[in-house]
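K.L.:
In this note's numbering, the protein residues as written are 1223 to 1610. Encoded as structure tokens, here's the structure I'll be asking about.
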Amino acid sequence: MPTSLTARALLDKLVAFPTVSRDSNLALVDFVQDYLEGIGADCVRVPSPDGTKAALYAHVGPKVAGGVVLSGHTDVVPVDGQAWVTDPFTVTEADGRLYGRGCCDMKGFDALALWAMALAAQSGIKRPLQIALSYDEEVGCIGAPVMIDHMVAHGMPRADTVLVGEPSMMQVVTGHKGGVGFAVHVRGFEVHSSKITEGVSAVMQAARLIDWANGVNAEQIAATPSELAAVFDPPFTSVHVGTINGGTAHNITAKDCRFDLSFRLVPGEDVATWRDRFMAKVKEVEAEMQAIHLDTGIDVVEYFGLPGLKPEEQGRAEELARLMTGDNGSHVVSYGTEAGQFQERGYSACVVGPGDIAQAHQPNEFITLAQFQAGEDFMRKLVDHLAR
1223 MPTSLTARAL
1233 LDKLVAFPTV
1243 SRDSNLALVD
1253 FVQDYLEGIG
1263 ADCVRVPSPD
1273 GTKAALYAHV
1283 GPKVAGGVVL
1293 SGHTDVVPVD
1303 GQAWVTDPFT
1313 VTEADGRLYG
1323 RGCCDMKGFD
1333 ALALWAMALA
1343 AQSGIKRPLQ
1353 IALSYDEEVG
1363 CIGAPVMIDH
1373 MVAHGMPRAD
1383 TVLVGEPSMM
1393 QVVTGHKGGV
1403 GFAVHVRGFE
1413 VHSSKITEGV
1423 SAVMQAARLI
1433 DWANGVNAEQ
1443 IAATPSELAA
1453 VFDPPFTSVH
1463 VGTINGGTAH
1473 NITAKDCRFD
1483 LSFRLVPGED
1493 VATWRDRFMA
1503 KVKEVEAEMQ
1513 AIHLDTGIDV
1523 VEYFGLPGLK
1533 PEEQGRAEEL
1543 ARLMTGDNGS
1553 HVVSYGTEAG
1563 QFQERGYSAC
1573 VVGPGDIAQA
1583 HQPNEFITLA
1593 QFQAGEDFMR
1603 KLVDHLAR
């Protein structure tokens, strides 16, 4: 395999793999591993529990601690139902933009990171450069923890700095919200709706929990935010229900209703506090359901948990990213990333990557040529820095 691929050529290759989170990413990982081994990198693959996906991390440079990790994810969100003008899995250049699913979030950064790994391998760097590519980021940052734990316990010489390349317009982001998500199954009791007092509608009981979420958001909006929360938009922990499905017919009390409910937490707030508050409401509603019919209930499964990213005092990642970008502003974001998971395991971490988060997940997703070039300039400066 040629080892002289440009960053743009690598982007074309990566976007061509339709790595929607519901599907396997193994074909992409095979390509990346072949490419990295072709430039002399040491690679470690970390399979998912069911073997249908894999994370991968790799190392170039001296076998010493204290290097830099470039962190990205391989999965993308679906294109189903979106009105794309171009083929979403082919990079199309037009009007100073590169269109394609993942060009912004975040195969643009992945391509640049792979290009930087090759450049570093050719440059005689004195501090190592590593890359870490996860799976299932888009469904709750589920794939990164096992990869990071493997890096800590079994991997290459431990780096101390992690740069997560989520789109930030190359601004240095030092804080973001965390999150926790619950899959909720409300189990009702079916009767003809003319006898509504004898049945329990799972849909209507689910609505009580969803309305509780509306009430929590209203309370949060009305409250005075803490000093840390005030820098976020919105400046509070929020609750959201994104999907719901239930019921059989308009004249039957619904037997089942399923929905997801998630919290986006301000860094430093306790997940357990919010979990307990939600579960207390669940128990209250469930008790009232079972007072009508015992064969009812509410099942709650926590399906993801993501720590926030806390601003670090004199953090190595922030210092390095500012040196490379010249950005001295203060930036936090309300979306979550894998930076908090790295930080939780003892790495210094921040977010810095090309592209505008407003383009993420959108039909006709794009990254501008100017932002892609800014990312390439960043990588070149980083490799030069590691070579000194």
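Even glycine gets a Cβ: it sits at the ideal position worked out from N, Cα and C.
I'd like the ranges of any alpha helix (DSSP H) spanning at least 4 consecutive residues and lying wholly in the stretch 1406-1470.
P.N.:
The qualifying runs are 1424-1444.
K.L.:
Taking the DSSP output, what are the residues bridged to Arg1486?
P.N.:
According to DSSP, which records beta bridges pairwise, Arg1486 is partnered with Gly1401, Ser1460.
K.L.:
Hey, how far is the Cα of His1295 from the Cα of Gln1512?
P.N.:
Answer to the nearest angstrom: the Cα atoms are 44 Å apart.
K.L.:
What does the Cβ neighbour count give for Ser1226, buried or exposed, with the cut at 16 atoms within 10 Å?
P.N.:
Classification of Ser1226: exposed, given that the 10 Å Cβ count is below 16.
K.L.:
Return the residue from the list Glu1359, Val1291, Pro1576, Gly1403 that minimises the CA-CA distance to Val1522.
P.N.:
Among Glu1359, Val1291, Pro1576, Gly1403, the Cα nearest to that of Val1522 is on Gly1403.
K.L.:
Pull up the CB-CB distance for Val1573 and Val1386, whole angstroms please, since I reckon it's below 8 Å.
P.N.:
5 Å between Cβ atoms; contact.
K.L.:
What's the call for Asn1473, buried or exposed, on a 16-neighbour Cβ count within 10 Å?
P.N.:
By the neighbour-count rule (16 or more Cβ atoms within 10 Å), Asn1473 is not buried but exposed.
K.L.:
Below 8 Å between beta carbons: does that hold for His1553 and Gln1393?
P.N.:
Yes, they are a contact pair.
K.L.:
What are the complete alpha helix (DSSP H) segments, minimum 4 residues, inside the stretch 1302-1379?
P.N.:
Runs of the alpha helix (DSSP H) inside the stretch 1302-1379: 1329-1344, 1366-1376.
K.L.:
Take the Cβ of His1612 as the centre, count every other Cβ of all protein chains shown within 10 Å, and call the residue buried at 16 or more, exposed below.
P.N.:
Nothing about residue 1612 can be reported from this structure: the residues present for the chain run from 1223 to 1610 only.
K.L.:
I'd like to know if the stretch 1301-1318 and the stretch 1266-1278 are in contact, where contact means that at least 3 CB-CB pairs between them fall below 8 Å.
P.N.:
Because the criterion of three Cβ pairs below 8 Å is not met, the stretch 1301-1318 and the stretch 1266-1278 do not touch.
K.L.:
Using alpha carbons as the reference points, say which of Glu1359, Asp1517, Ala1276 lies closest to Glu1560.
P.N.:
The shortest Cα separation from Glu1560 among Glu1359, Asp1517, Ala1276 belongs to Glu1359.
K.L.:
Here's the rule: buried if 16 or more other CB atoms are within 10 angstroms of the residue's CB, otherwise exposed. What is Glu1510?
P.N.:
With fewer than 16 other Cβ atoms within 10 Å, it is exposed.
K.L.:
Using only alpha-carbon positions, find the residue among Arg1380, Val1251, Gln1352, Pro1300 that is nearest to Arg1567.
P.N.:
Answer by Cα proximity: Arg1380.
K.L.:
Which value, in whole angstroms, describes the spacing of the CA atoms of Phe1253 and Glu1259?
P.N.:
Whole-angstrom Cα-Cα distance: 10 Å.
K.L.:
Taking C-alpha atoms, which residue in Pro1457, Asp1433, Arg1538 lies nearest to Ala1444?
P.N.:
Measuring from the Cα of Ala1444, the nearest candidate turns out to be Pro1457.
K.L.:
When the Cα atoms are used, what is the spatial distance from Cys1325 to Val1368?
P.N.:
Taking the straight line joining both Cα atoms gives about 26 Å.
K.L.:
If you run the structure through DSSP and keep just helix, strand and coil, what is Gly1527?
P.N.:
Of the three classes helix, strand and coil, the one that applies to Gly1527 here is strand, per DSSP.
K.L.:
In terms of residues, what are the limits of the alpha helix (DSSP H) holding Phe1564?
P.N.:
Run containing Phe1564: 1561-1566, per the alpha helix (DSSP H) assignment.
K.L.:
Per the contact definition of three or more C-beta pairs closer than 8 Å, is the stretch 1402-1419 in contact with the stretch 1344-1360?
P.N.:
Contact between the stretch 1344-1360 and the stretch 1402-1419 is absent, because fewer than three Cβ pairs lie under 8 Å.
K.L.:
Beta strand (DSSP E) containing Asp1264: first to last residue?
P.N.:
Taken as a continuous stretch (DSSP letters only), the beta strand (DSSP E) holding Asp1264 covers 1264-1269.
K.L.:
What are the boundary residues of the alpha helix (DSSP H) that Ala1287 is part of?
P.N.:
Premise fails: Ala1287 is in no alpha helix (DSSP H) and is neither H nor E.
K.L.:
So the candidates are Arg1544, Pro1489, Ala1494; which of them puts its Cα closest to the Cα of Pro1533?
P.N.:
Answer by Cα proximity: Pro1489.
K.L.:
Under a Cβ-count criterion, where at least 16 other Cβ atoms within 10 Å of its own Cβ denotes burial, should Thr1518 be classed as buried or exposed?
P.N.:
Under this definition Thr1518 is a buried residue.
K.L.:
Within 10 Å of its beta-carbon, does Asn1222 have 16 or more other beta-carbons around it, so buried, or fewer, so exposed?
P.N.:
Residue 1222 lies beyond the stretch modelled for the chain, which goes from 1223 to 1610, so this question has no answer here.
K.L.:
Check whether the Cβ atoms of His1398 and Gly1527 lie closer than 8 Å to each other.
P.N.:
Cβ atoms of His1398 and Gly1527: not closer than 8 Å.
K.L.:
What number of angstroms, rounded off, separates the C-alpha of Leu1232 from the C-alpha of Gln1344?
P.N.:
Leu1232 and Gln1344: Cα-Cα distance of roughly 17 Å.
K.L.:
Check whether the stretch 1423-1440 and the stretch 1588-1607 touch, using three or more Cβ-Cβ pairs below 8 Å as the test.
P.N.:
The stretch 1423-1440, when compared against the stretch 1588-1607, does not touch it at the 8 Å Cβ threshold.
K.L.:
Tell me the rounded alpha-carbon separation between Asp1578 and Ser1415.
P.N.:
Each residue's alpha carbon lies about 49 Å from the other.
K.L.:
Starting from the C-beta of Pro1284, find all residues in its chain whose C-beta is less than 7 Å away, skip the five residues before and the five after it, and write them out in chain order.
P.N.:
Correct list, in chain order: Lys1348, Pro1350.
K.L.:
Note the first and the last residue of the continuous alpha helix (DSSP H) segment covering Thr1590.
P.N.:
Run containing Thr1590: none in the alpha helix (DSSP H); it sits in the beta strand (DSSP E), 1588-1590.
K.L.:
Confirm, please, whether the CB-CB distance from Ser1390 to Gly1530 is below 8 Å.
P.N.:
Cβ atoms of Gly1530 and Ser1390: not closer than 8 Å.
K.L.:
For the beta strand (DSSP E) holding Val1554, just list the boundary residues, first then last.
P.N.:
Looking at the DSSP string, the run of the beta strand (DSSP E) that includes Val1554 is 1553-1555.
K.L.:
Just the Cα atoms here: how many angstroms apart are Leu1341 and Val1313?
P.N.:
Leu1341 and Val1313: Cα-Cα distance of roughly 23 Å.
K.L.:
Express the C-alpha separation of Glu1441 and His1515 in angstroms, rounding to a whole number.
P.N.:
Looking at the two C-alpha atoms, the distance is approximately 33 Å.
K.L.:
Residue range of the alpha helix (DSSP H) that Leu1250 falls in?
P.N.:
Element bounds for Leu1250: 1248-1260.
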